[in-house]
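Working notes, structure below.
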Amino acid sequence: MKWQADSKILIQGITDVLGADYASRMKGQGTNIVAGISLEGETPEIDGIPVFTLVEEAVKQLGEIGISLIFTPPYQVLDAGLEAIAAGIEQLVIVTAGVPPLDMVKLLDQAQATNTFVLGSGSGGLLVPNQFWLGIMEPDFYSPGPVGLISRCDRVIDEVARELTQAGCGQSLAISLGSDGIIGSDFEQWLQVMEEDETTEVIVLLGQPNSSGEVLAAEYIESAIEKPVIAYIPGIYTPFERNFGDATSIIASQLSYKMKAETTENKTIAALKKAKVKIVQSPGEIPKLVKAILASKKSKVKTSEA
């Protein structure tokens, strides 16, 4: 992962409604959007951003590009991702949700073969408050601080960030892994990043209730994470028989995790508790718990210095 505030960023699907809207907003916030890709033929610039029909053409004219942000329709994501990889782009952020599972399998196979980093599909992106905004999270809800956010809950991450910011608890880094059943980057990768990040003092994990990815994250926390972790799992106490996704998400979950058939909400809770993760029942409880943890850490530091 090579996330830099000045990274050159390409938007595939820039003429999509979301792509056009967020391209302008991100550029206005200082994100270095250098080009867009549209399959709708010759397209004029969008808010001063040049639009090409081929990724290869954009790279040829603008030089090496570090990140592609993909807004294309679900059934075009595979082709868009493969085209970006072929053009030498090393990091893909797939905002589009509902990508066919087998398409994601093919894309991730090629990404692994070329050492390409993939965030998503169904990702809200990545945000470092007041420094770097890439995706569809709402930057006004975030402020600099010591809380790291990792989410698989679509827009819940914005709600939690807003609660934290209003309580005076800023964020060091916010990552949206993606809401689809098959995704690239996982909890473990970002837990490691936040464990090593000096600005992060508390980690907040926002998970899905019917997914073994959270169980694997809990096992990783137990074995490798020393920083305090808080978890919020929306819907975790609803009946297990209830499905939480559409047909595509259900099939994707069955394809993506070998532990799926054994996973229950109780198993998720048990795994998180075994890892000493503090579980909250609502986003409103998170700021109070974060403040208590930070106060406890300061008290321990003062005691050790006395």
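Mind the numbering: the sequence shown is residues 0 to 305 in numbering that gives the first Met the number 0, read in order.
All C-beta atoms in this analysis are idealised placements derived from N, C-alpha and C, irrespective of residue type, glycine included.
Note that the structure is predicted; figures quoted are calculated from it, not measured.
- Query: Is the region 136–148 touching the region 102–117 in the sense that three or more CB pairs, one from each, lie closer than 8 Å?
  - Reply: Segments in contact, no.
- Since Lys287 sits in a beta bridge, which residues does DSSP pair it with? Under DSSP, Lys287 forms no beta bridge with any residue.
- Query: Going by DSSP, what residues sit across from Ile32 in a beta bridge?
  - Reply: Partner(s): Ile8.
- Task: Give the straight-line distance between the Cα atoms of Ala260 and Ala85, rounded to the nearest whole angstrom.
- Result: Bear in mind that a pLDDT of 46 at Ala260, under 50, signals an unreliable position, so the number given afterwards is only what the model happens to contain. Using only the alpha carbons, I get a separation of about 36 Å.
- Message: Per the DSSP calculation, Lys277 is bridged to which residue(s)?
- Response: For Lys277, the pairing in a beta bridge is given by DSSP as Ile229.
- Message: Quick check on DSSP: helix, strand or coil for Phe70?
- Response: In the structure shown, Phe70 sits in coil (DSSP, three-state: anything other than H, G, I, E or B).
- Item | Top-ranked residue by Cα proximity to Ala274, from Ile69, Asn31 and Leu204 | Per the Cα distances, Leu204.
- Hey, Ile48 and Ala22: beta-carbon distance below 8 Å or not? The answer is yes: Cβ separation under 8 Å.
- Can you tell which of Gly134, Ala216 and Ile278 has the C-alpha that lies nearest to the C-alpha of Asp153? Selected option, being the one with the closest Cα: Gly134.
- Message: Run through the DSSP bridge pairs and tell me what Gly124 is partnered with.
- Response: Within the DSSP secondary-structure output, Gly124 pairs in a beta bridge with Gly134 and Ser175.
- Euclidean distance between Cα positions of Ile292 and Gln170: Distance between the alpha carbons of Ile292 and Gln170 is about 15 Å.
- Query: Straight-line CA distance for Thr71 to Val300?
  - Reply: One C-alpha to the other measures close to 50 Å.
- Query: Terminal residues of the continuous beta strand (DSSP E) containing Leu205?
  - Reply: Under the DSSP assignment, Leu205 falls in the beta strand (DSSP E) whose first and last residues are Val201 to Leu205.
- Message: For Gly80 and Val214, what's the separation of their Cα atoms in angstroms?
- Response: If you take the alpha carbons of Gly80 and Val214, they lie about 29 Å apart.
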